[in-house]
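Chemist: Heads up: the sequence shown begins at 0 in numbering that gives the first Met the number 0, then just goes up one per residue.
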Amino acid sequence: MGITKNHIFDEYQNETALITKVLGHPARIAMLQHISKNEYCNCNDLVKATGLAQPTVSQHLSEIKRIHLLKQKQQGKNTFYAIDLDLLNQYRRKINDFFVKVQVNCQK
0 MGITKNHIFD EYQNETALIT KVLGHPARIA MLQHISKNEY CNCNDLVKAT GLAQPTVSQH
60 LSEIKRIHLL KQKQQGKNTF YAIDLDLLNQ YRRKINDFFV KVQVNCQK
């Protein structure tokens, strides 16, 4: 793999890119949609909902957790996940702001 050059971009650009990268996989989108409809799902619930293998679901959960979009609750050995609505709204505003600014710039 090549060397990343994130240091040449500002914080806004890096954070926006990370959010969209995490959301840029259909499995993660499907998992987030399922969690949004069924608060506090565990990995097994997501395996059943997506048809993906458990290790694959765990890897995708790890990617989603990189941006802290999921809240976690432990019950025994099981971890249950829900969407952090505050962060979801923050990310939604950030992505919307990006598109609005690009659109405005295009109209100049």
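Even for Gly, the Cβ is constructed at its ideal location relative to N, Cα and C.
Using only the alpha-carbon positions, how far apart do Q21 and T55 sit?
Modeler: In the sequence as displayed, the identity of residue 21 is Val instead of Gln. One C-alpha to the other measures close to 14 Å.
Chemist: Just verifying my parser: in three-state terms, what is the DSSP assignment at T3?
Modeler: If DSSP states are grouped into helix, strand and coil, T3 belongs with coil.
Chemist: Helix, strand or coil for K72, going by three-state DSSP, please let me know.
Modeler: Strand.
Chemist: Quick one: what's I82 bridged to in DSSP?
Modeler: Paired residue(s): L69.
Chemist: Of the residues S57, K93, I82 and D83, which one's Cα is nearest the Cα of A26?
Modeler: Closest by alpha carbon: S57.
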